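As given, the protein sequences belong to chains A and B, one line each in that order.
Numbering of the first sequence is given in the numbering used here, commencing with residue 45 and proceeding in unit increments.
Numbering of the second sequence is given in the numbering used here, commencing with residue 532 and proceeding in unit increments.
Beta carbons are placed, not taken as given, at the ideal position from N, Cα and C, and that holds for glycine.
As the structure is a computational prediction, the values presented were derived from the model and not from experiment.
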Amino acid sequence: MDPILVGAVAYTPNVVTIWEGIRDYFADTDSEMDFVLFSNYGRQVDSLIDGTVDLAWNTNLAWVRTVAQTDGACKAVATRDTDTVFQTMFVCRTGAGMTDLTSLRARRLALGSKDSAQAAILPVQFLAEAGIGGDDVELLRINSDVGKHGDTGRSELDALRAVLDDRADAAAIGINTWEAIGRDQLMPGAFEVFWESPTYSHCNFTALESMPDERIQPWVDHLLAMDWENPAHRPILEMEGLRQWVLPRLEGYQSLFDAVAAQGITARW
Amino acid sequence: MVNHALVLDLVERVGAVATGATFTVGWGADDPEVASETVAAWCERTGNQLVEVGDSFAVLRRGRAADPLLDLDPDQLPGTRLWMYTNFDCNLACDYCCVRSSPQTERRALGLDRVRQLAAEAVQAGVSELILTGGEPFLLPDLDEVVAACTSQLPTTLLTNGMLFTGHRLERLRRMDRQRLTLQISVDSATPEIHDSHRGKRSWKRAVDGIRIAHEEGFRVKVAATLPAEQLHEVEPFHVFLDTLGVAREDQVIRALAHRGVSETGIELTMESLIPEVTITADGVYWHPIAADHEDQLVSRELFPLKNAIDEVRARFVEHRQRANAAAAWFPCA
Ligand code: SF4
């Protein structure tokens, strides 16, 4: 049987190391795999739909767009444990006195790339749900890595820089970026979180509905068997930012479906 | 005051390189102490590695480097052998002597008590062989006891120029343990000219006689030759000569001349380029026997506990290798 071909977006050179590691993990099994790297999620989703790749390692926005483009004829087959409990953190300068989303009225909020679910699309949705519309808050949009759905984290770092430079009063960032800067512990007196979003789902491996289960299931089973306690598996899990591969939590995508509909975000690019 | 932008820079820069690669972040005119503490804390928290800190920059590695000690042949692991300089004076004054020995050189003997303690601690520290060198050890009046202190603990090699096997000194040799002791005698050429030109008139003949005496007394003899690097390809006639003396091929050690001590030429050996061989002298712990008279390779003035000295050498080796690997990654070959 041909190896399962997985698509992933090259948002850091480390992606090569990670996917070579994952490919090696599947070598000599019943479900060998290879991978193809794309420069952006739009191209990757196109290639999933036209059958170039069997699986796409998609962001939540790429998943929502795949669902839209296939009229739901697709399936999410696996995800990271960390993807099932993703969050957006709203941060401000320490001591700025912000207490919840309503504190943002008449203030400036820095957002990340317009195609970042965690740093742009969902934050606007959370504001709307809190009754804060476009006229109530000044949005500073920082589109520094469009196409990669915020994966590089660069636009979020730029949003934090905007807060430090007093070009914004607050920033909306993913919990992964909040962890990467050491939460509020490495920079005492710099940032504090004033609102945490409910958890939602982030990346998943997406297949088309037409992909036979007997082809994909052994691959998923072997992926889920990757073991944090096994020293041979550990480095890949660490680099990819998870402890355990799990089955997706589909209800965790609902808030993003709602946001995409409300904001009229297109199904492609 | 922590420079907050520095942490944001760290996160951005680490994302731009692959695991194992290094990158540099600068902090301009900020307080280097505060900045380097911030960088170290971030590394600790995020599982990345601080490779080097300068006044206004730090070099970091994404992830952690492999342990350089694991790359070594087990036989090369620092602390596998322990070298001891029994003394620094010598009956010869060879022109390439790496520790500047001569009849005028101060003795600086390690002394029986320290050798005894070192040999005992060496066993505890996992050392598997002791090597005694000088100077010329046979100048010591208590060499037989020094050797016995070693051979009672571990297999031992004694380096000598082999020229002093007469009278009391021959008696001392005869009291040494033939099962546990190997003699290593220096001979540099198959004929007297080259050897004598470096080591003094008639020294070749006396060294060759020394090999014969040692063999007659029932000792295993290794021969070590020191050659200029450019002559290392012309060694076969020399091997044939040593064969005629009855020295086994595995006991014929031919090495390159080092640019150390009174030698004016030779390959450059630095702590960065040398895999360490833990070496003890009366003055301290050194990186390698080739530099046992040189401050630049002094590791510690404290000989005891020996385990600490070995650990320190290993730690420095790891540090050097990781820095060198970072530099190698920094200058990739086109
Ligand atoms: S090389 Fe050896 S024999 Fe020659 S002076 Fe130095 S210690 Fe003495």
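Which chain B residues sit within Cβ distance under 9 Å of residue i?
{"i": "Val60/A", "result": "Ala549"}
{"i": "Leu208/A", "result": "His535, Ala536, Leu539"}
Do you know whose CA, among the options, lies nearest residue i's CA?
{"i": "Val135/A", "options": "Lys192/A, Thr123/A, Gly156/A, Lys119/A", "result": "Gly156/A"}
{"i": "Gly141/A", "options": "Gln298/A, Pro292/A, Phe238/A", "result": "Phe238/A"}
{"i": "Glu748/B", "options": "Ser734/B, Glu765/B, Arg703/B", "result": "Arg703/B"}
{"i": "Asn274/A", "options": "Thr61/A, Asp46/A, Tyr69/A, Ala52/A", "result": "Tyr69/A"}
{"i": "Leu643/B", "options": "Gly665/B, Val545/B, Ala679/B", "result": "Ala679/B"}
{"i": "Ile744/B", "options": "Pro759/B, Arg700/B, Gln762/B", "result": "Arg700/B"}
{"i": "Glu236/A", "options": "Ala54/A, Gly139/A, Val50/A, Gly65/A", "result": "Gly139/A"}
{"i": "Ser683/B", "options": "Ala779/B, Asp740/B, Ser659/B, Gly666/B", "result": "Ser659/B"}
{"i": "Val53/A", "options": "Lys192/A, Gly285/A, Ala311/A", "result": "Lys192/A"}
{"i": "Asp827/B", "options": "Pro836/B, Val816/B, Leu837/B", "result": "Val816/B"}
{"i": "Val844/B", "options": "Leu608/B, Leu695/B, Ala560/B", "result": "Leu608/B"}
{"i": "Ala311/A", "options": "Tyr55/A, Thr56/A, Val89/A, Met45/A", "result": "Val89/A"}
{"i": "Arg593/B", "options": "Ala822/B, Thr553/B, Glu808/B", "result": "Thr553/B"}
{"i": "Gln635/B", "options": "Gly666/B, Ile742/B, Val556/B, Pro563/B", "result": "Gly666/B"}
{"i": "Asp774/B", "options": "Ile742/B, Leu758/B, Trp558/B", "result": "Ile742/B"}
{"i": "Val60/A", "options": "Leu81/A, Asp265/A, Pro167/A, Met45/A", "result": "Leu81/A"}
{"i": "Arg852/B", "options": "Glu676/B, Arg832/B, Pro807/B", "result": "Pro807/B"}
{"i": "Thr722/B", "options": "Val752/B, Ala756/B, Arg751/B", "result": "Ala756/B"}
{"i": "Asp189/A", "options": "Asp265/A, Thr56/A, Val290/A, Pro47/A", "result": "Thr56/A"}
{"i": "Glu753/B", "options": "Ala779/B, Ser632/B, Glu767/B, Ala760/B", "result": "Correcting the residue identity first, residue 753/B is Lys in this sequence and not Glu. Nearest option by C-alpha distance: Ala779/B."}
{"i": "Leu252/A", "options": "Arg67/A, Val97/A, Asp46/A", "result": "Val97/A"}
{"i": "Asp213/A", "options": "Thr143/A, Glu223/A, Asp257/A, Asp159/A", "result": "Thr143/A"}
{"i": "Trp63/A", "options": "Leu267/A, Pro167/A, Ala112/A", "result": "Leu267/A"}
{"i": "Val290/A", "options": "Ala172/A, Val129/A, Asp257/A, Ser147/A", "result": "Val129/A"}
So residue i contacts chain A; which residues on that side make the cut at Cβ distance below 9 Å?
{"i": "Ala572/B", "result": "Gly226, Gln229, Leu230"}
{"i": "Thr569/B", "result": "Leu230, Met231"}
Is the CB-CB distance between residue i and residue j below 7 Å?
{"i": "Arg152/A", "j": "Glu182/A", "result": "yes"}
{"i": "Asp620/B", "j": "Leu674/B", "result": "no"}
{"i": "Ala549/B", "j": "Asn58/A", "result": "yes"}
{"i": "Ala174/A", "j": "Ile217/A", "result": "no"}
{"i": "Arg847/B", "j": "Glu583/B", "result": "no"}
{"i": "Leu201/A", "j": "Ala572/B", "result": "no"}
{"i": "Ser75/A", "j": "Phe170/A", "result": "no"}
{"i": "Ala305/A", "j": "Ile165/A", "result": "no"}
{"i": "Leu49/A", "j": "Asp72/A", "result": "no"}
{"i": "His726/B", "j": "Trp735/B", "result": "yes"}
{"i": "Cys625/B", "j": "Arg730/B", "result": "yes"}
{"i": "Leu837/B", "j": "Leu649/B", "result": "yes"}
{"i": "Ile821/B", "j": "Cys629/B", "result": "yes"}
{"i": "Arg293/A", "j": "Trp272/A", "result": "no"}
{"i": "Gln783/B", "j": "His770/B", "result": "yes"}
{"i": "Asp540/B", "j": "Val556/B", "result": "yes"}
Mind listing the chain B neighbours of residue i? Cutoff is C-beta to C-beta under 7 Å, in chain order.
{"i": "Arg315/A", "result": "Nothing in the structure corresponds to residue 315/A, since chain A is present only between 45 and 313."}
Since residue i and residue j should fall inside the 8 Å C-beta cutoff, what is the C-beta to C-beta distance between them, to a whole number of angstroms?
{"i": "Thr123/A", "j": "Ser245/A", "result": "7 Å"}
{"i": "Ala840/B", "j": "Val849/B", "result": "Wrong, their Cβ atoms sit about 15 Å apart, outside the cutoff."}
{"i": "Asp180/A", "j": "Arg149/A", "result": "5 Å"}
{"i": "Thr250/A", "j": "Leu92/A", "result": "6 Å"}
{"i": "Ala653/B", "j": "Leu685/B", "result": "6 Å"}
{"i": "Leu834/B", "j": "Trp818/B", "result": "In fact, because the Cβ distance is near 15 Å, the residues do not count as touching under 8 Å."}
{"i": "Ile176/A", "j": "Ala154/A", "result": "In fact, because the Cβ distance is near 15 Å, the residues do not count as touching under 8 Å."}
{"i": "Pro563/B", "j": "Ser587/B", "result": "7 Å"}
{"i": "Asp94/A", "j": "Asn248/A", "result": "With a Cβ gap of about 20 Å, Asp94/A and Asn248/A do not count as contacting."}
{"i": "Val121/A", "j": "Tyr297/A", "result": "Actually they do not touch by this definition, with Cβ atoms about 14 Å apart."}
{"i": "Gly591/B", "j": "Cys574/B", "result": "Here residue 591/B is Leu; the residue named in the question, Gly, does not match the sequence. Yes, they are in contact, since the Cβ atoms of Leu591/B and Cys574/B sit about 6 Å apart, within 8 Å."}
Would you mind telling me which residues of chain A sit closer than 8 Å to residue i, beta carbon to beta carbon, in chain order?
{"i": "Arg576/B", "result": "Gly226, Gln229, Leu230"}
Taking 6 Å as the cut-off, does the CB of residue i come closer than this to any heavy atom belonging to the ligand MG?
{"i": "Leu689/B", "result": "The ligand MG is not part of this structure, which contains only the ligand SF4."}
Could you work out which residues of chain B lie near residue i, taking near to mean beta carbons separated by less than 8 Å?
{"i": "Gly100/A", "result": "Here residue 100/A is Ala; the residue named in the question, Gly, does not match the sequence. Within chain B, no residue comes near Ala100/A; the closest Cβ sits about 21 Å away, beyond 8 Å."}
{"i": "Met283/A", "result": "Thr550, Gly594"}
Name, please, each residue of chain A whose Cβ falls closer than 7 Å to the Cβ of residue i.
{"i": "Leu539/B", "result": "Leu201, Leu204, Arg205, Ile225"}
{"i": "Thr611/B", "result": "Chain A residues near Thr611/B: none, gap ~26 Å exceeds 7 Å."}
{"i": "Gly546/B", "result": "Thr56, Thr196, Gly197"}
- Message: So, does the region 105-118 of chain A touch the region 269-289 of chain A, judging by three or more C-beta pairs under 8 Å?
- Response: no
- If we count Cβ pairs, one from each stretch, closer than 8 Å, do we get three or more for the region 704-724 of chain B versus the region 675-692 of chain B? yes
- Message: Using 8 Å as the cut-off, can you tell me whether the region 533-543 of chain B makes contact with the region 195-215 of chain A, which would need three or more C-beta pairs spanning the two stretches below that distance?
- Response: yes
- Determine contact between the region 608-618 of chain B and the region 808-819 of chain B, defined as no fewer than three beta-carbon pairs at a distance below 8 Å. yes
- Quick one: any contact between the region 71-85 of chain A and the region 98-106 of chain A, if contact means 3 or more CB pairs under 8 Å? yes
- Query: Taking contact to mean at least 3 C-beta pairs separated by less than 8 Å, is the region 191-200 of chain A in contact with the region 542-560 of chain B?
  - Reply: yes
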